[in-house]
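In full-length UniProt numbering, the protein residues as written are 1 to 267.
Backbone N, C-alpha and C fix where the C-beta goes; we use that ideal spot for every residue, glycine too.
A quick write-up on the structure given underneath.
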Amino acid sequence: MIKVGILGANGRMGRVLIEAAHAHNKTALGFASVRANSSFIGMDAGELAGIARQHISVSEISSDTIEHADVLIDFTLPEALGQNLRLAVDAQKPIVIGTTGLNKDQLNMIDEAAKYIPVVFAANYSVGINLMLNLVKQAATVMGNDADIEIIEGHHRFKKDSPSGTAMAIGHSIADSLGRDLDKCAIYGREGVSDERRRETIGFATVRAGDIVGDHTALFATLGERLEITHKASSRLTFANGALTASCWIKEQAKGLYSMQDVLGLV
């Protein structure tokens, strides 16, 4: 059994990860950590996640804490990433990162950490989404030069970053297939009267409402037809189980930066 350490255990994904690790046939919970001075410190991790007692107390993240796990899983906030990576590197622990909304400096931190430890970093750990990333590449190759391309995504009302990390990953997959620079061709909003849509642009539309777990559609539309490739997640367990699959896989890898596509053998 691979012992996983859950960082940010009190978050929406953190709680689901505890539940998934308990049910998984190849993993066990090593520790569950929260930020310093959190009111959840000392609580049983199972009770925090709403499942059976795990007899593991929620603790503050520290160099001592992470010695209880073989692999770390980080679905926390961007501002916590630097400390978590430093602890992982110092302890030589592989880490699976699902935090989104990262800026260029934070992405560089991941690149730097991967020089010393194995790192899996993905915008989305669902198997279906990672298959979708391959499908949109194929669609872009066949239709991309003739079609208008739009990416529509929806998440719950509490999600902070927009567009979602998954939507951006879909955009990058399409842009790379077409030899375009997404930073230059992306359109993130339309308002008022504008010129005719330019074919080379890739549009993004964002929905934030209710408890939507995660909906993503890549739309390729010509004047005569349209192709829609859609993925809808109905449970966060989809992402948690994917992260656990990545944790089992990364345990056996050399230092370096990997994606969920690597984990699933899609590249």
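| Item | Value |
| --- | --- |
| I'd like the list of long-range same chain contacts for Thr-100, defined as Cβ closer than 7 Å, with 5 residues on each side in sequence excluded. | Ala-123, Asp-161, Ser-164 and Gly-165 |
| Taking the DSSP output, what are the residues bridged to Arg-208? | His-155 |
| By the DSSP assignment, the beta strand (DSSP E) with Lys-232 in it spans what residues? | 226-233 |
| Leaving aside the five residues before and after Leu-102 along the sequence, list all residues of the same chain whose C-beta is less than 6 Å from its C-beta, in chain order. | Pro-78 |
| Over what stretch of residues does the alpha helix (DSSP H) that includes Leu-135 continue unbroken? | 127-143 |
| Please list the terminal residues of the continuous alpha helix (DSSP H) segment that includes Lys-255. | From DSSP, Lys-255 is part of no alpha helix (DSSP H); its letter is neither H nor E. |
| Return helix, strand or coil for Gly-203, following the three-state DSSP convention. | strand |
| Do Ser-177 and Ala-140 have their C-beta atoms closer together than 9 Å? | yes |
| Using the C-alpha atoms, what's the distance from Asp-195 back to Pro-118? | 47 Å |
| Could you give the distance in angstroms between the alpha-carbon of Ile-202 and the alpha-carbon of Glu-191? | 16 Å |
| Excluding five sequence neighbours on each side, which residues of the same chain lie with their C-beta closer than 7 Å to the C-beta of Arg-12? | Arg-236 |
| What separation, rounded to the nearest whole angstrom, lies between the Cα atoms of Ile-174 and Gly-5? | 34 Å |
| Cβ atoms of Val-263 and Val-120: under 9 Å apart, would you say? | yes |
| State the Cα-Cα distance for the pair Leu-72 and Asp-181, rounded to the nearest angstrom. | 33 Å |
| Taking just the CA atoms, how far does Met-168 sit from Ile-110? | 18 Å |
| Can you give me the Cβ contacts of residue 268 inside the same chain, cut-off strictly under 6 Å, excluding the 5 residues immediately before and after it? | Since the first and last residues shown for the chain are 1 and 267, residue 268 lies out of range. |
| Just the C-alpha distance for Arg-15 and Leu-48, rounded to the nearest angstrom, thanks. | 7 Å |
| With DSSP as the reference, please indicate the residues paired to residue 277 in a beta bridge. | The requested residue 277 is not part of the displayed model; the chain covers only 1 to 267. |
| Please tell me whether Asp-64 and Lys-93 are closer than 9 Å, where the distance is taken between their beta carbons. | no |
| Counting along the chain, where does the beta strand (DSSP E) carrying Gly-5 start and finish? | 2-7 |
| What is the DSSP secondary structure of Glu-60, counted as helix, strand or coil? | strand |
| Asp-183 lies in the alpha helix (DSSP H); which residues open and close that run? | 182-185 |
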